[in-house]
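Colleague: Residue numbers (my numbering): 229 to 328.
Glycine included, every Cβ here is placed at the ideal spot set by N, Cα and C.
The model shown is predicted, which means the values in this text are computed figures rather than measured ones.
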């Protein structure tokens with residue numbers, strides 16, 4: 229391992245990094261394109277009468293799944309706000325680093 233200014237590099241370079249980045253980009257693009265397609269289809273469903281299905285793919289439209297009976301395994305489930313949790317971690321990290 230080479231050193232720079234007497235210090236080791238903070239991370240070890242990966243030989244697979246460009247391939248991983250390309251795969252990551254392809255995955256993100258697929259999800260983005262798929263979501264946009266579903267969103268457009270949903271907008272079409274809301275903006276046109278339901279009797280005219282010729283503009284939909286074989287009459288298919290976007291539907292939301294809703295359970296008719298609650299799942300007993302999820303009786304104690306509480307939704308988790310991941311965005312708020314990450315925000316709290318960032319604030320704690322900044323506060324901790326500012327006090328150090």
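CA-CA distance, residue 303 and residue 294?
Modeller: The straight-line gap from Cα to Cα measures roughly 16 angstroms.
Colleague: Please state whether DSSP places residue 300 in a helix, a strand or coil.
Modeller: Note: residue 300 maps to helix in three-state DSSP.
Colleague: Which same chain residues, not among the five before or five after residue 283, have their C-beta less than 8 angstroms away from its C-beta?
Modeller: Because residue 283 sits at a pLDDT of 48, beneath the cut-off of 50, its placement in the model cannot be relied upon, and the following sentence gives the value as read from the coordinates. Contacts found: 272 and 276.
Colleague: Excluding sequence positions up to five away, which residues of its chain have a Cβ less than 7 angstroms from the Cβ of residue 328?
Modeller: So no residue of the chain qualifies.
Colleague: Leaving out five residues before and five after residue 279 in sequence, what residues of the same chain have Cβ atoms less than 8 angstroms from its Cβ?
Modeller: Only weak support is given to the placement of residue 279: the predicted model assigns it a pLDDT of 48, under 50, and the value that follows is read from those uncertain coordinates. No residues qualify anywhere along the chain.
Colleague: Output the distance between the C-alpha atoms of residue 300 and residue 292, rounded to the nearest integer angstrom.
Modeller: Each residue's Cα considered, the two are about 21 angstroms apart.
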